[in-house]
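Following: one structure in C-alpha cells, then a few remarks.
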Amino acid sequence: MRRGISSPYCKAAAAMAAPLHLTLSNVPRRTRMLVFAVLGACFLLLLARSSGSDGALNGSPLRFGGLGRPPRYDVLDFVEPLIGTTNGGHVFPGATLPYGMAKPVADTLSPAENAAGFVSDSNPVTGFSHMHDSGTGGQPSLGNFPLFVHPGCPDDDYAQCAYSVMHRGTKRVEGSAFAAPGYFRVNLTNSVQAEMTATMHAALYRFGFDGNGTVRVYGPETGNQEQAGEEKAEEVAVEVPYSPLVVVDLVDLMNSRSAGSIKVDPDSGRVVGEGKYGPSFGTGKYHAYFCADFRGPAIRRTGTFKTNNATEEPKALDGVGEGFYIPTGSAGAWIQFERPAENSILARVGVSFISVDQACENAEREIGDWHFERVESDARKAWREKLGVVQVDARGVSEELQTTFWSGLYRTLLSPQNYTGENPLWNSTEPYFDSFYCIWDSFRAQHPLLTIIDPAAQTEMVRALIDIYRHEGKLPDCRMSFCKGFTQGGSNADVVIADAFIKNLREGIDWDAAYEAVVSDAEVEPKQWGLEGRGNLESWHNVGYIPQDDVDRNGTGPNSRTVSRGVEYAYDDFCISLLAEGLDRAADAAKYRRRSGNWRNYWNPDQPDLYREHDDDDGADGTGKVLQTAFKGFMQPRLLNGTFRYQNTRACSPVQDMHKCYYDTGLDTYEGSPWLYSFYAPQDMASLIALMGGPEHFVARLRFFHTSGIAYMGNEQAFLPVFQFHYAARPGVSSFFVREYIPSLFNASVNGIPGNDDCAMGAFSAFAMMGFFPVAGQDVYLLTTPFFPEVRIKARTEGKWAVIRVRNFDPAGKRIYIQRAKLNGKKYTRNWITHEFFVKGGVLELVVGEEEGVTWGRADADLPPSYPVEWDQVDDVPDGLSSVDNN
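Add 312 to the 1-based position in the sequence shown for the numbering used here, that's all there is to it.
This is how it looks when you write it as C-alpha cells:
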C-alpha cells in the first residue's frame, strides 16, 4: 500500500537510494545527484499534499458534483500489480500493455505458485522471460526464452558461470521488487538490478551493475543445487571480475519444450530461437519464437550451452529436445561483455508465434529507438487511457481501498491477450484473442465489466470467439497459446455471446455465425467434449438431466460433475433463448427456454444437510456424530432411472473435502459443493426461492452459506450468491456481505485475493466497490452501496457519463444500506438497473443509512426478473426414454 510518496518514480528513487546490498558511496556521483533531486521533489510534493493545497484528502480529487472534472491524482499511483502474487493468486505483476502479448517479469523458483512467473516469496530468481499469463490455475504458463545475467564469472572463466535453471537461481534483495503499470524492477544479490518495460510484442530490459572492477556475488557454500526447488545452502560472498554474461535459455516455466533451436551472432550479438511447447491447461503444442538484441558494452565472447556445460563453439543448437535428453530443460546461448562504461546493458526481445523474422520485426518496429523511458511512458499513457473511463470521488476513502479498487480494475485488462496478427493456425481478417483462462471463470464478472468499460475490446473478443468456431468447429470454454483448454462446466461462451447481444455490442459481429455457434453447443456433441462443447447431450435432450450412470456413445470426456454441468447447461440454454428471441427465432426461443428449466431435475426436496461433528474428542479423525441443520432440499445427482444419488451437501467446500472437486474429480460438482450449486438458477430465482421455502427461508439459507465457512470466495461461482439476497427483497443484506468480503479477502496486500485471479477476482472487487454487479447473460445489474461518494463511468453515448452518487456517504463504512434512490431526478425503487444506464449515461443517486431500508427495492415489482417455465417432474425412467419434452 502506498504511504505518502505514491509516485512510482519517487518510490524508485527511494529504492535506488538504499538498496540493501549497496551503499550510496558505491553509486556514481551523477546517479546520487539524480536520486537526491528526485527525492527532494517528492518531499515537496508530499508537503503539498499533506497541507491540502489541492483541496482534497490524501491526494484524492474534489467532489465532482456533476461538473465532469477529471481526478486530480494519477490513478496509476493506486495500481499495485503485486497484489495476488502469493496465496494462490497467480497474478502477473510485470510490465505489459492492456491485453498485451509481451509480458516481461522476473521468474522465481516457486514450483507451487509461479504460474505467472513471479511470486512474492523468498525463492530465488531464475531468469527474466517475456510472455506470461495472469491469474491462471493449473500449471505454470509460457515463460519462454528467459534471460539471466551474471555480473561476471569466477576467475573470469565463462565455463564457471551457472547456466541451467537448476543452478543459476539467485536470491533477490529483500523488499526490492517494485511494480507499476508498464514497469517492473527487482535487485538480485549478485549486484544486478533488473528493470523492464514492454510494448505490445516486445520487451525492453535494463540491467544495471554497481560498477566495481570486481563484483561481490553470493552463491551456495556447498555448491550448486542438484534438483529444482531444493533449498539452497547458506550463501557466501565470492569476488568475480566485472564482465557481465547474459544467458538466453530455451526453457519455459513448465519445462514443456519438446523441440527447439537457437543461434547467436558473434559479431552483432543478436540471439534468435524457437521452440515447441505445451499449454498449461489443455492439449496440443504451440510454437514460439524470439529475437534478442543487446546494446551497451562490446562483446567479448559468445557460445552455447546444454544444461550447465558452456562452450564457445558451436554458435547454434538445433533439434534441442529431439536428438538428446536434457534433464533440466535448459539449453541455449550466452554472450559475455566487456565492462560496461555506463554500468548497464539494454536487452530488447521481440516475440512472435509466427516466425523469428516476425519477432525481429516486432522488436525493431516497436522499440527501434531503444529508449527505455519512452517505452515506459507510452505504456503508462495506455493504462491511463484505459482506466480513465472510470473516475471516483475518493474523498475520505483509505489508500488501501483505493488501491484495492484500481488494482482490481487494472487486472481485469491484463487478459485475454490480443494476438491479432500472430495467429499461425489460419488466415483471417478477424481479431484474434487468446489466453481465455477460462470462460467458465471470466463470464461471470470480467466479460460483463469489459462490456461497460471497454466495449470495443469486448466486441473484438466476441468476434475472435466466433472466428475460432468458424475454423475449429466449436466455441472454446478455455483456450491458451492456440491450444484447446479443458472444459470445466458448461459451454459458457454461449453466455458471453448472448450478453454481448442483449447489451448491443453489434459492430462487426456476425450474428448468424454467432447463433450457429451457440446452437452447435446446444445440439451437436463433439467427439471430445472435455475440450469443447457439451457432453451427454442425448440424455440432456431426452431425459432432461445428465444421469450419473449415463452411457455416452457420442463423445468422450470426464463423466463426472453431472450436477454442476447440468445447472450450467440449463443456464446456457436460457441465454441461447434470449439470443434466439432477439433474432426473431420464436420456435427456438421457446425450445431453449423450456430446456432452461432442466435445473429443477436435480432438485431433491428431501435431501438434508448432513455433517459430522468436529470436536476435541472424536472430530479430528472424522468419526464424530452425524448432525444436520434445518435446511432441506439440495441439488443432487441422479441415475438414469430417475432415482437420486447422494453427494454430501458440503463436499468440495472449505469445511469438507475442499480439494476433491478439481478437473479430475469423480464427484458430481466442480470446484464447489451442492450447497453452492443449489443457488445456481439465475434464470428463475423466483422458483428456486419457492423451492427453498420462500423468501425468509431463502435469506436464512443464503446467510448461513456465507457465515458457516461453506462459501469459498476463491472461486468465481461464489460471486453471484453474494448479491442474490436481492431476489428475496433483501438488497441490504447483499450490501452487508460485500463489506464482509472487502477488504477482509480482497485488499491491497500481496495475498490480497482469495484464489487465482483469472482477471475475474479483480472484476468482482471493481464491480462491488462501484456499487453494482452483473447477472451475466441478462440485462440486469444488482445495486449495492458503492465504496466511494461518487463513481463515474464513461457512457457509450458521446460525452455522457453514468454517475452513481451516494448521499450521506460514510467514510467509516457504517452507512451501507440504501434507503431510497433517484434516477435522473425521479424516484427509483428497483434494486437493479439495466445496461441502458451505461449506454446513455445519467445520474443514479442513492441515499444511505446505518439500518437496512424497509421499502427501497423490497416490493415484488422492484425485484430482478425471473423467467419461470412449464416444467414436468421427472419420474422413474427405467428404459431411458424421454419423460420431458425438451425439443
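Positions of the beta carbon are idealized from the N, C-alpha and C atoms, including for glycine.
Check, Outcome
"Alpha helix (DSSP H) containing residue 997: first to last residue?", "997 to 1003"
"Are residue 509 and residue 494 closer than 8 Å when you measure CB to CB?", "yes"
"Suppose the cutoff is 6 Å on Cβ atoms and the five residues either side in sequence are ignored; what does the same chain contact list for residue 378 look like?", "The predicted model places residue 378 with a pLDDT of 39, which falls under 50 and marks its position as unreliable, so this point remains unresolved."
"For the segment 670 to 717, list the beta strand (DSSP E) runs that are entirely contained and at least 3 residues long, ordered along the chain.", "702 to 705"
"Determine, using beta carbons only, whether residue 459 and residue 560 come nearer to each other than 8 Å.", "yes"
"In this structure, does DSSP put residue 767 in helix, strand or coil?", "helix"
"Residue ranges of each beta strand (DSSP E) run of no fewer than 3 residues wholly in the segment 541 to 586, ordered along the chain?", "547 to 553, 557 to 561, 571 to 576"
"So, at 8 Å on beta carbons, what are the nonlocal neighbours of residue 466 in its own chain, with the 5 sequence-adjacent residues on each side left out?", "472, 473, 550, 552"
"Let me check understanding here. Comparing Cα to Cα, which of 677, 421, 464, 955 lies closest to residue 916?", "955"
"Count Cβ pairs between the segment 1075 to 1085 and the segment 676 to 693 that sit closer than 8 Å; are there 3 or more?", "no"
"Pair every Cβ in the segment 970 to 986 with every Cβ in the segment 1018 to 1032, then say whether three or more of these pairs are closer than 8 Å.", "yes"
"List the endpoints of the continuous beta strand (DSSP E) containing residue 917.", "915 to 924"
"Along the chain, where does the alpha helix (DSSP H) containing residue 902 start, and where does it finish?", "898 to 907"
"Which residue from 1076, 944, 715, 764 puts its Cα closest to that of residue 392?", "715"
"Using a threshold of 8 Å, state whether the C-beta atoms of residue 569 and residue 585 are closer than that.", "no"
"Measure how close the beta-carbons of residue 511 and residue 409 come, nearest whole angstrom, since I'm counting them as under 8 Å.", "7 Å"
"Taking residue 656 and residue 745 to be in contact with their CB atoms under 8 Å, please state how far apart those CB atoms are, rounded to whole angstroms.", "With 8 Å as the limit, residue 656 and residue 745 do not qualify as a contact, their Cβ atoms being about 36 Å apart."
"For residue 1056, count the other beta carbons within 10 Å of its own beta carbon; 16 or more makes it buried, fewer makes it exposed. Which is it?", "exposed"
"Can you find the residues in the same chain that come closer than 7 Å, C-beta to C-beta, to residue 543, ignoring five residues on each side of it along the sequence?", "Its pLDDT being 46, under 50, residue 543 is placed unreliably by the model, and the measurement read from it follows with that caveat. For residue 543, where only same-chain residues beyond five positions count, there are no Cβ hits under 7 Å."
"Around the C-beta of residue 1182, are 16 or more other C-beta atoms found within 10 angstroms, so that it is buried, or is it exposed?", "exposed"
"Do residue 1138 and residue 1112 come within 8 Å of each other at the CB atom, strictly closer than that value?", "no"
"Looking at residue 563: is its Cβ nearer than 8 Å to the Cβ of residue 645?", "no"
"With distances taken from CA atoms, which of 528, 402, 1177 is nearest residue 1036?", "1177"
"Hey, residue 892 and residue 904 are a contact pair by Cβ (cut 8 Å); roughly how many whole angstroms apart?", "6 Å"
"Please name the residue in 837, 961, 919, 664 whose C-alpha comes closest to that of residue 945.", "919"
"Counting only the same chain and skipping the five closest in sequence on each side, list residues whose C-beta sits under 6 Å from that of residue 628.", "575"
"Going straight from the alpha carbon of residue 1039 to that of residue 1011, what length do you get?", "9 Å"
"So, does the segment 993 to 1010 touch the segment 905 to 914, judging by three or more C-beta pairs under 8 Å?", "yes"
"Cutting at 6 Å between CB atoms, please list the residues of its own chain near residue 901, excluding the five before and the five after it.", "889, 892, 893"
"Under the three-state reduction of DSSP, which class applies to residue 1124: helix, strand or coil?", "coil"
"How is residue 327 classed by DSSP in three states: helix, strand or coil?", "Its pLDDT being 44, under 50, residue 327 is placed unreliably in this model, and the value from its coordinates should be taken loosely. In the structure shown, residue 327 sits in a helix (DSSP, three-state: H, G or I)."
"Could you give the DSSP three-state label for residue 592: helix, strand or coil?", "coil"
"Cutting at 6 Å between CB atoms, please list the residues of its own chain near residue 1052, excluding the five before and the five after it.", "none"
"Compare the C-alpha of residue 491 against each of 507, 1106, 1092 and name the closest.", "507"
"For the structure I just gave you, are there three or more beta carbon pairs, one from the segment 794 to 809 and one from the segment 774 to 781, closer than 8 Å?", "yes"
"Does the Cβ-Cβ distance between residue 753 and residue 1028 come in under 8 Å?", "yes"
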